[in-house]
Amino acid sequence: MPELSFLLAQVPQAVADGVLTGAIVALGAIGVSFGLQILRFANFAHSELLTWGAYLALVVVAFAGPGTPIGPLSFGWQLIAAMLLAALLTGGLAFAMDLVIFRRLRAKNANPLSMVFAGFGAALVMRNVVVLLWGPGTYFYTNELQIAVEVLPGVRMLPDQIFILGFTFAVVVLLHLYLRYSRTGMAMRAMAESPALALACGVKVENVVRWTWFLSGALAAMAGVFLGLSPQLHPEMGFNLLLSLFAAAILGGAGSLVGAVVGGLLVGLAENLPILVISPGYKAAMPFLLLMLVLFVRPQGLFGERS
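The numbering of the sequence shown is UniProt numbering, which starts it at 1 and goes up by one.
Given below as structure tokens:
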């Protein structure tokens, strides 16, 4: 029984690692979920917005300097400001991508498959531009060393990881309030329910589409910065997370903020818990096994509504 007791002792740490991974996935999956339900197509270029957000923040940090770390964190206020600026810039980049590519296709009544292939093409261009500008190597936001602290019995986390969890929770709460009480948020929810009915009620569809792209890009940038903070940036970072983003969005139910968050957490747990007993080489397959099991029972996802 020593092996079993050792395995059980590792479970709390694996759960904590899964929650951290899930928080980052959830931020990116919200944009994917909005795209599936409001824009009505699967945007495979969304993962590259994570990469661009991370690298744009890196540029700001490089110009502003590393700064003095905040308490036990490995970074200073410069990185937080850089992340917020990168969120704005990446939101603008997402809007520009829609303006140049997808709005033209919508004007020609392109079918969803054409939109998907256009997303693939945009993703390839964006990824290769990153390599062209910054090279294929890896970068770090900071070289500060950190010591993990015990947050619960058997659970140790770096201060940066605790910050990521807290900041993600705050962003999700603010986004929930925005979608629930603001006029634009209510219009976005109306579009997610029924575009035709929303249009009949006077909702400005193109305005909703613009805000959807901007918010998706901004959230993706934050997820990219957090992904780069733990532990590094590289041109494939967004692409490597692409399938997990879609698994989380579909698992939670397209168009549901709560669903995207819960789906992200479940994906994170599905990636981290099984490696206690199986080879880490199967880590990427675990979320999809979970997705298949859930969709067999509830095809619309955990929080999706039957059409």
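Note that CB positions come from ideal geometry on N, CA and C, so glycine has one too.
Whole-angstrom C-beta distance between residue j and residue i, which should lie under 8 Å
i    : j    : result
Y94  : L133 : It should be pointed out that residue 94 corresponds to Ala in this sequence rather than to Tyr. With a Cβ gap of about 18 Å, A94 and L133 do not count as contacting.
Q13  : G154 : 6 Å
G301 : G268 : No, G301 and G268 are not in contact; Cβ-Cβ is about 17 Å, not under 8 Å.
A187 : A198 : 7 Å
G53  : M222 : 7 Å
L233 : L58  : 6 Å
L257 : H176 : 6 Å
P303 : G253 : The sequence given here has Phe at residue 303, not Pro. Right, their Cβ atoms sit about 4 Å apart.
Outcome for residue i when other beta-carbon atoms lying within 10 angstroms are tallied against a minimum of 16
i    : result
M292 : exposed
P112 : exposed
E271 : buried
L290 : buried
V131 : exposed
S279 : exposed
S33  : buried
F163 : buried
P235 : buried
V294 : buried
G218 : In the sequence under discussion, the amino acid at residue 218 is Ala, which differs from the Gly named in the question. That one is buried.
G28  : buried
Closer than 9 Å to chain D by CB, residue i
i   : result
T51 : Considering every chain present, this structure includes no chain D. It has just one protein chain.
Residue i - partner residues in DSSP beta bridges
i    : result
A150 : The question names Ala, but residue 150 is Glu in the sequence shown. According to DSSP, which records beta bridges pairwise, E150 is partnered with R156.
Y139 : L233
Spatially closest choice to residue i from the options, by CA coordinates
i    : options                  : result
A123 : G281, G224 and N43       : N43
P274 : G263, V25 and P287       : P287
S47  : F63, I24 and D17         : I24
G137 : S256, Y55 and L245       : Y55
G238 : A220, A192 and I250      : A220
P110 : Y282, S182 and L39       : Rather than Pro, the amino acid found at residue 110 in this sequence is Ala. Closest by alpha carbon: L39.
V19  : V262, A170, V203 and F41 : V262
F41  : F75, D98 and S5          : D98
I250 : L229, F296 and R210      : F296
Y141 : T21, P231 and A284       : P231
Straight-line Cα distance separating residue j from residue i
i           : j    : result
residue 340 : R104 : Absent from the structure is residue 340, since the part of the chain shown begins at 1 and ends at 307.
L276        : E206 : 48 Å
P2          : A9   : At P2, the pLDDT of 48 sits below 50, so the modelled position is not reliable; the number obtained from the coordinates is stated separately. Going from the Cα of P2 to the Cα of A9 covers about 11 Å.
R298        : L174 : 29 Å
L265        : T168 : 12 Å
I101        : G119 : 9 Å
L73         : G255 : 34 Å
S114        : I30  : 23 Å
F63         : A82  : 10 Å
A86         : R127 : 17 Å
A247        : G35  : 14 Å
V125        : A45  : 9 Å
G67         : N143 : 12 Å
F214        : S182 : 16 Å
Q146        : S5   : 29 Å
Y282        : A200 : 48 Å
D17         : V225 : 17 Å
V171        : S216 : 13 Å
V60         : R210 : 25 Å
G91         : L84  : 11 Å
P69         : L179 : 34 Å
T51         : V149 : 29 Å
V11         : M157 : 14 Å
V15         : L152 : 12 Å
N240        : G22  : 14 Å
A284        : L245 : 12 Å
V203        : T184 : 9 Å
D160        : A26  : 18 Å
V208        : R189 : 10 Å
E193        : G76  : 42 Å
Q37         : G121 : 21 Å
V129        : G135 : 9 Å
A96         : K108 : 18 Å
G106        : L89  : Strictly speaking, residue 106 in this sequence is Arg, with Gly absent from that position. Answer to the nearest angstrom: the Cα atoms are 24 Å apart.
Residue i: CB within 8 Å of a non-hydrogen atom of the ligand MG
i   : result
S47 : No copy of the ligand MG occurs in the structure displayed, which carries no ligand at all.
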